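Note that numbering that gives the first Met the number 0 has the sequence shown beginning at 0, numbered continuously upward.
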Amino acid sequence: MIQHFEQGIKIRDRYIYDHQFITGEYRDFDVVYVRSTDVNRTLMSAYSHLAGFYDNSNHTYPHGYGRWPSQWTPVPVHTVESHRDHLLNADAHCPKRHEIKESLKSNPKFKIFMSQQEPLLRIISQKTGINTDDFHTYSHVEKFYAGTKIEKENNLNIPSWITHSLWEQYINGKFRQDDYFDGNADFGLPENVELIALKGGVLLKTMIDNMDLVLEGKTKKKFFMYSAHDTTVSAFLRTLQAKQEILGYFAPDYAATVIMELWESDNKTPFIRARYLPNVEAQVQHITKYIKGCKGGDDCTLTDFKTRSHQFLGTHIHHMCGDAKMIYD
């Protein structure tokens, strides 16, 4: 919560103080829109971030009532059920995505890779008590990653069998597999455009649609905030074809934040700039140059951005997923 609170302060400083893009008082409710996945931790992250963002909003909460939390202004956070949240949940229900993933598992080169990982995964299974004989993917020993990662980051005692080399081999293999299952080119196969669109294309399309609404004067909203998961951040960066350049095979850190800014040049040409905050301690990174099709500079015209993004847009996601129940419900 503290990390997201601090990130909220950073973003506040940039858009409220430095650029004076929006007011620091939460009064114009139509200017800010916040959406989260329907998961406790992401909802808490959103509220923590907003507490930092509006930390200096002075006249938007009860005064003279001693029990009210100091300087806290409630800001609405919207959500939908996880299984149908194709905007922010990269793993929302989608038969087509499942079908593609199963076909990727059958790739002979991937099978060879997993056979090489099997001795390691068997050791982890035996040592942790994870009862499985299925080592065709990392999925059955997935819990080992989250628990060990948190223990290591908090300097807790780690069992002696979890050596540095074992951990490095595990995470390198796991992250490589995850990127492959998310559409990254690997194991002799090219980038899977359809899979990338299914996982991150709705968010990409929504951002572009919001930019168009602003330019056309059809919305008062100026600040759209989304609170989701490391898988969401990775999926979105992959729609920019920039994930490998920014993160490599690895997953985003806690409170990692992608920022997409819409600007207008002196001659009224709209363009975008992309920024990345890797974690609460890092400085903002300029990442527009990594977006494939944006010509390598820090400014990318909205026209160029739309052109390069077209193949990844999650348009009519229910039809793309091939789920009749989703289409007709």
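Idealized CB from N, CA, C, for every residue including glycine. Everything numeric in this text was worked out from a predicted model, so none of it was measured.
What does the Cβ neighbour count give for residue i, buried or exposed, with the cut at 16 atoms within 10 Å?
i	result
Thr22	exposed
Ser56	buried
Arg66	exposed
Pro251	buried
His228	buried
Arg40	exposed
Phe304	buried
Gln19	exposed
Phe143	buried
Distance, Cα to Cα, residue i vs residue j?
i	j	result
Met325	His85	With a pLDDT of 48 at Met325, under the threshold of 50, the modelled position of that residue is not reliable, and no figure is offered here.
Glu80	Tyr16	35 Å
Ser226	Ala45	6 Å
Thr131	Gln116	15 Å
His3	Ser308	29 Å
Ile99	Tyr14	41 Å
Ser157	Ile149	What sits at residue 157 in the sequence shown is Ile, not Ser. Each residue's alpha carbon lies about 11 Å from the other.
Asn266	Thr218	22 Å
Arg121	Gln168	13 Å
Tyr137	Gly216	48 Å
Ile47	Asp322	What sits at residue 47 in the sequence shown is Ser, not Ile. Answer to the nearest angstrom: the Cα atoms are 36 Å apart.
His97	Phe270	36 Å
Leu329	Asp90	Given that the chain is displayed from residue 0 to residue 328, the structure contains no residue 329 and the question cannot be resolved.
Ser114	Asp133	11 Å
Asp12	Glu244	27 Å
Would the beta-carbon of residue i be found less than 8 Å away from any heavy atom of the ligand HEM?
i	result
Ala145	Questions concerning the ligand HEM fall outside what the structure shown contains, since it holds no ligand whatsoever.
Taking residue i as part of the alpha helix (DSSP H), name the residues at either end of that continuous run.
i	result
Phe143	141-152
Pro118	107-127
Ile8	1-11
Trp336	This structure cannot settle anything about residue 336, because the visible part of the chain is limited to 0 through 328.
Glu101	94-104
Phe304	301-308
Ile21	First-last for Ile21: undefined, no H or E at that position.
Ile316	316-320
Between which two residues does the beta strand (DSSP E) containing residue i stretch?
i	result
Tyr275	269-276
Leu261	256-263
Requested in this report: List in chain order: all unbroken alpha helix (DSSP H) runs of 4+ residues lying wholly within the segment 200-243.
Outcome: 229-238
Report task. Any chance you could list the beta strand (DSSP E) runs of at least 3 consecutive residues sitting entirely within the segment 25-83, in chain order? Result -> 31-35
Query raised in the report: Is the segment 311-320 touching the segment 201-220 in the sense that three or more CB pairs, one from each, lie closer than 8 Å?
Result: yes
Query - Three or more C-beta pairs below 8 Å linking the segment 273-286 and the segment 159-178 - result: no
Report task. Indicate whether the contact test is met: 3 or more Cβ pairs, each with one atom in the segment 60-74 and one in the segment 285-294, closer than 8 Å. Result -> no
Query raised in the report: Pairing CB atoms from the segment 183-195 with CB atoms from the segment 101-111, are three or more of them under 8 Å?
Result: yes
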